[in-house]
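Working notes for the structure below.
Residue numbers (this note's numbering): 1 to 366.
What follows is the structure, encoded as structure tokens:
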């Protein structure tokens, strides 16, 4: 174990300041500082508030992770950071902090992809990923089906959301039902007391001519909102638990159906589910049932590793070190629209996406 790479990972793509430390595929520390309670007052994440919260939490969270792992920063073999995608200002805080620590400690720096990190985190719980890995990633910003022959260098998108992501739909329906923010946990809780067959909400992009692996939840969101509005306009009580259960069932039905189909079509005998919505109890239960019937092995990390965290970034960083992938260097850019096909950023960015931050070693600390 002592020969395995010891890596610290920093995650700041949205509203969680996550710092994780792993040795190989063993999790040593997972420290998270969340600003979700502050954003709840506004009904969603406010980018400027998230950025300021990252600034305040960064150093204390890193120190907490080092203490939890029982190591010194100088023991590290590398530092990994989410370079994108995510909120531009939030990413800048994490990338800048990672550069500072890498420079001060003279350690290699690895800018990694947020989505690929969500896949790689499963190694910390269930061991090395099969190759290829089929992954269903579902969160507030992403709903994607990905095939990863090599998590450090080859991730292929099979399908993605064309409008609202699954987590975004949960938040919007929770807002319509006056349930607060974030919407996922409260809808999951209320749905357990409701009837998932009470209301026949639509399943988007499930027709014979629709893209087999793409997702759409905008129509579902509109349908649920109009159903609720019609009940209120008629002076009738809204059965919140049945609405929550029926809406949730529509979402997880589509997600699991398409994921299992992708496994069959690609000849992959396992499915990994990650992202914040992977913590949803009904998604886990239905995926387990459908995978078992299809002869597909299901891998889902525990809920704490599904939401954004530094451990997932450290896991991918450790894999980069283990496979001798090139370090990024201090010219690393934070890219709010980094495509999933770029699992890590080796040196200077060259693709056509907007670069929100680019700085050289010479002027970094001048």
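Even for Gly, the Cβ is constructed at its ideal location relative to N, Cα and C. Predicted model only: the values in this text are computed from it and were never measured.
Query	Result
Residues of its chain near residue 168, where Cβ-Cβ distance is below 6 Å and the 5 sequence neighbours each way are ignored	140
Endpoints, the beta strand (DSSP E) within which residue 34 is located	26-34
Cβ neighbours of residue 42 in the same chain (closer than 6 Å, five flanking residues each side left out)	none
Where residue 149 falls: helix, strand or coil (DSSP)	strand
8 Å contact criterion, which residue 89 and residue 51 should meet: CB distance rounded	4 Å
Residues of its chain near residue 114, where Cβ-Cβ distance is below 7 Å and the 5 sequence neighbours each way are ignored	13, 82, 84, 85 and 86
8 Å Cβ cutoff met for residue 163 and residue 216	yes
Within 8 Å, strictly: CB atoms of residue 313 and residue 70	no
Contacts around residue 350, its chain only, beta-carbon distance under 6 Å, and the 5 residues preceding and following it disregarded	Because residue 350 sits at a pLDDT of 41, beneath the cut-off of 50, its placement in the model cannot be relied upon, and the following sentence gives the value as read from the coordinates. Closer than 6 Å at the Cβ level, and outside the excluded window around residue 350, lies no residue.
8 Å Cβ cutoff met for residue 282 and residue 254	no
Same chain, Cβ closer than 7 Å to residue 75, five either side skipped, listed in chain order	6
Backbone CA spacing between residue 229 and residue 257 [nearest angstrom]	29 Å
For residue 242 and residue 179, the rounded distance between their alpha carbons	14 Å
Uninterrupted alpha helix (DSSP H) stretches inside the segment 13-92 (no shorter than 4 residues)	36-40 and 47-69
Assigned exposure category for residue 59 - 16 Cβ within 10 Å defines buried	exposed
Simplified DSSP state of residue 220, which is helix, strand or coil	helix
Span separating the alpha-carbon of residue 22 from that of residue 32	15 Å
Proximity to residue 103 [Cα-Cα], best of 120, 80, 118 and 116	80
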